[in-house]
Amino acid sequence: MEMMKLSLGPLQYFWPREHTLAFYREAADWPVDIIYLGETVCSKRRELGTRDWIVLAAELARSGKQVVLSSLALIEAESELGVLQRLVDHGDCWIEANDLSAVQLCRERGVPFVAGPTLNVYNHHALAMLMEDGLRRWVPGVEQGHVLLRELREAMRAEQCEMPELEVIAFGRLPLAFSARCFTARALDVAKDQCGFRCIDYPDGMPLATREGRPFLRINGIQIQGEEITDLGPELPQLRELGVDVLRLYPQAEGMAEMVAHYHLARRSPVAPPRIGARNGYWHGEPGMRAPETT
Amino acid sequence: MRVQLIHVNAGTGNDRHDAPRTPSFEVLMQLVCPAGNLPALQAAIDAGADAVYAGFRDQTNARAFPGLNFSDDELRDGIAYAHQRGRQVYLALNTYPDSARLPQWYAAVDKAAEFGCDAIIAAEMAVLDYATRTHPALKRHLSVQGSATTAPALRYAHERFGISRAVLPRVLSIQQVERLCEGSPVPLEVFAFGSLCIMVEGRCQLSSYVTGASPNRHGVCSPASFVRWEEHDDGRRSVRLNQVLMDRFEPREPAGYPTVCKGRFEVGGEIFHALEEPTSLNTLELLPRLAQAGVAALKIEGRQRGVAYVGSVTRTWRDALDRYRASPQDWSAQPRWQSALSKHAEGHQTTLGPYHRSWH
Chain Z
-9 MEMMKLSLGP LQYFWPREHT LAFYREAADW PVDIIYLGET VCSKRRELGT
41 RDWIVLAAEL ARSGKQVVLS SLALIEAESE LGVLQRLVDH GDCWIEANDL
91 SAVQLCRERG VPFVAGPTLN VYNHHALAML MEDGLRRWVP GVEQGHVLLR
141 ELREAMRAEQ CEMPELEVIA FGRLPLAFSA RCFTARALDV AKDQCGFRCI
191 DYPDGMPLAT REGRPFLRIN GIQIQGEEIT DLGPELPQLR ELGVDVLRLY
241 PQAEGMAEMV AHYHLARRSP VAPPRIGARN GYWHGEPGMR APETT
Chain U
49 MRVQLIHVNA GTGNDRHDAP RTPSFEVLMQ LVCPAGNLPA LQAAIDAGAD
99 AVYAGFRDQT NARAFPGLNF SDDELRDGIA YAHQRGRQVY LALNTYPDSA
149 RLPQWYAAVD KAAEFGCDAI IAAEMAVLDY ATRTHPALKR HLSVQGSATT
199 APALRYAHER FGISRAVLPR VLSIQQVERL CEGSPVPLEV FAFGSLCIMV
249 EGRCQLSSYV TGASPNRHGV CSPASFVRWE EHDDGRRSVR LNQVLMDRFE
299 PREPAGYPTV CKGRFEVGGE IFHALEEPTS LNTLELLPRL AQAGVAALKI
349 EGRQRGVAYV GSVTRTWRDA LDRYRASPQD WSAQPRWQSA LSKHAEGHQT
399 TLGPYHRSWH
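Those protein sequence lines, which keep their order, are chains Z and U. Each step along the first sequence adds one to the number in our numbering, with nothing skipped, and position 129 is 119. So the mapping is simple: our numbering equals the position in the second sequence, first residue as 1, plus 48.
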């Protein structure tokens, strides 16, 4: 059986320019097959501009990685559409389409794309339509577990549609919601228009706890993530059996090299690794977070 | 009696480009009101709604709450009631079926066509595609759950599914709405009043993260079956969603419904509404700008609300719209309208929400 590929999902946080460049210089030597680059959360984050990401994409491609340029999950301004248009026009890379605007621009230009986790594909018919539009790989949304994927795969087979590559979020904090509002700015009591790019001070997001001190969510600009760093390592045999092609690992500020090494070892082993992060309830058809009594 | 001046903006994409851009006596934004059940539908129609939107009593729509929505017979009766008065009924089919459940959504589309609904409001590609192929004469509106915020996204839905209208997510500023009206291939509907989802609709997993019950898949957000209120000896109350503490309230402090986005949490050592206060969207003062931008329809949120809410909010907006039509130059948001609307707002507070930059 073919070995599952490893991908580095797009960096969800805002890191200083040198920190980001150093991270990807290291990643060039990691055993990952695919690297997603670009800003998916907030267009005001410009430590790396569009041109920088494209230059970085070319460098990483030279070191043998497949590079995919990721688009914003929420596009509101004309300037944000302009950036998307530049990514699509670049032409050398597939695009991770995180909203319908990106799908449409890829479709109009004939650029292959990956359907990102915020695109809302829940059934085989939607997937087949997007394949007509140029979809090559699909990252299911965070709330979709193994039952839904199995049923979808069977429905594709029944309709004699070939599955695209299937990429599942294996490691990282799950992106749960996006807003027009910046929650980091709100927490710091500054206006979004004068935010001072303060999310750069929170390289793993800003922790949000319940009033009884239970860690609950992470604030990351306009994005809300689950607090728990999910880990599907122990489920790898099931993922393999389901035909998952790519395991997505979301960058965290610390320990990413070790995490990649852990998954690299695990993907070559018939034995499932121990769990080193949190169980992802969604995968099992349950609430995404752990129930309080099991913490 | 009120003159019916609707539908000039409500037809195909081509209509609206022929329509005047400035306010006129011929063109008026349509008022689209919520109908959680037959009495609410009748109340909305009686109070002057140009159209109502409703759902079946199952997970095919995003307000799949117990005791709400329509049986087949009730929907037929509701459509008859509306059509006799020259008004329209839209059917919300705006959740995301997985492969195994698609037939149920397709059957709901068939019923919408058979019963004579004036349009379906849908978000999911398979549902829209089925409607396009099977019932091409049944109009298709892209739901707010479809998360289309740009001209290319709207182009996609227009080219792929021939939508004749799109409902915009509640994330855009008034300037962005105005620009989108210029670049959209189809007429646009925007939210005017009601509970405010602060997350991009169709892409919020906060409820499912905590409870497993998903707005997209099950048509519910933070359902009541997961809510537990606890009374403490000192008179304070706590509220939990699937055991996760959403908020605590002092003895006489008003308490709202515990959706995750409106809870109080601790961030950086402070406890506050980290995501949003309990408040409602109210765009009344923007009415002239929305009309001048060419917005085709104003939507009132609240299929889960009762007859009193629907009647009063509809009547207020009807009056405001009629006054605007009669005399656009002299129009201003009247205090009695604002006070009527505030009574029905969450926490009796209203906001311009994302329409105004300061909210962000």
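Quick reminder that beta carbons are idealized off the backbone N, C-alpha and C, glycines included. Keep in mind the model is a prediction, meaning the values are calculated, not measured.
Same chain only: Cβ atoms within 6 Å of residue i, ignoring 5 sequence neighbours per side
i	result
His408/U	none
Asn85/U	none
Phe313/U	Ala322
Ala145/Z	His114
Val219/U	Val248 and Pro402
Asn290/U	Val258, Thr259 and Phe274
Per-residue DSSP class, three states only, for residue i
i	result
His189/U	strand
Gly311/U	coil
Asp179/Z	coil
Pro(-5)/Z	With the sequence shown as reference, residue -5/Z is identified as Lys, and Pro is not the correct amino acid for it. If DSSP states are grouped into helix, strand and coil, Lys(-5)/Z belongs with the strands.
Tyr26/Z	strand
Trp379/U	coil
Thr180/U	helix
Trp128/Z	strand
Ile168/U	strand
Gln224/U	helix
Gln132/U	helix
Pro263/Z	coil
Asp235/Z	coil
Gln56/Z	strand
Glu122/U	helix
Ala87/Z	strand
Val111/Z	coil
C-beta contact flag for residue i and residue j at 9 Å
i	j	result
Thr362/U	Ala97/U	yes
Pro145/U	Val175/U	yes
Ala339/U	Leu79/U	no
Ala160/U	Ala185/U	no
Ala130/U	Ile169/U	no
Pro0/Z	Tyr240/Z	yes
Arg208/Z	Pro197/Z	yes
Ala112/U	Asp106/U	yes
Phe187/Z	Phe13/Z	no
Asp295/U	Val287/U	yes
Ala92/U	Gly354/U	no
Start-to-end residues for the beta strand (DSSP E) that takes in residue i
i	result
Ser286/U	Arg285 to Leu289
Val234/U	Here Val234/U belongs to no beta strand (DSSP E), and DSSP marks it neither H nor E.
Pro165/Z	Glu155 to Phe168
Val275/U	Val275 to Glu279
Thr220/Z	Gln213 to Asp221
Asn210/Z	Pro205 to Asn210
Arg351/U	Arg351/U -> no beta strand (DSSP E), and no H or E assigned at all.
Contacts around residue i, its chain only, beta-carbon distance under 7 Å, and the 5 residues preceding and following it disregarded
i	result
Glu298/U	Arg284
Gly199/Z	A small correction: the amino acid at residue 199/Z is Ala; Gly does not occupy that position in the sequence shown. Taken in chain order, the residues that qualify are Pro205 and Phe206.
Ile44/Z	His80
Val234/Z	Met(-6), Leu156 and Val158
Gly135/Z	Tyr272, Trp273, His274 and Gly275
Trp20/Z	Ala247 and Val250
Glu279/U	Arg285
Phe73/U	Unreliable placement is indicated for Phe73/U, whose pLDDT of 39 sits below 50; no coordinate value is reported for it.
Val78/Z	Ile85, Leu95, Cys96, Arg99 and Val101
Arg366/U	Leu79, Ala95 and Gly96
Gln382/U	none
Endpoints, alpha helix (DSSP H) assigned at residue i
i	result
Cys96/Z	Leu90 to Arg99
Arg363/U	Val355 to Ala374
Phe14/U	Past the boundaries of the shown model lies residue 14/U; chain U is included only from 49 to 408, so the question cannot be answered.
Pro6/Z	From DSSP, Pro6/Z is part of no alpha helix (DSSP H); its letter is neither H nor E.
Pro82/U	Careful: Pro82/U lies outside any alpha helix (DSSP H), inside the beta strand (DSSP E) at Gln78 to Pro82.
Ser69/Z	Glu68 to His80
Asp42/Z	Thr40 to Arg52
Lys34/Z	Here Lys34/Z belongs to no alpha helix (DSSP H), and DSSP marks it neither H nor E.
Ile93/U	Leu86 to Asp94
Arg147/Z	His136 to Ala148
Sequence-distant residues of the same chain with beta carbon closer than 8 Å to residue i, five excluded per side
i	result
Ala63/Z	Thr30, Val31, Asn88, Asp89, Gly106, Thr108, Pro165, Phe168 and Gln213
Ser243/U	Ser328, Leu329, Glu349, Gly350 and Glu394
Gly267/Z	Phe161, Glu218, Ile219, Thr220, Asp221 and Gly223
Ala256/Z	Gly223, Leu226, Ala262 and Pro263
Is there contact here, the stretch 223 to 231 of chain U with the stretch 178 to 195 of chain Z, by at least three beta-carbon pairs under 8 Å? Too few Cβ pairs lie closer than 8 Å, so no.
On the three-pair Cβ rule with 8 Å, is the stretch 182 to 198 of chain U touching the stretch 207 to 217 of chain U? Touching, yes.
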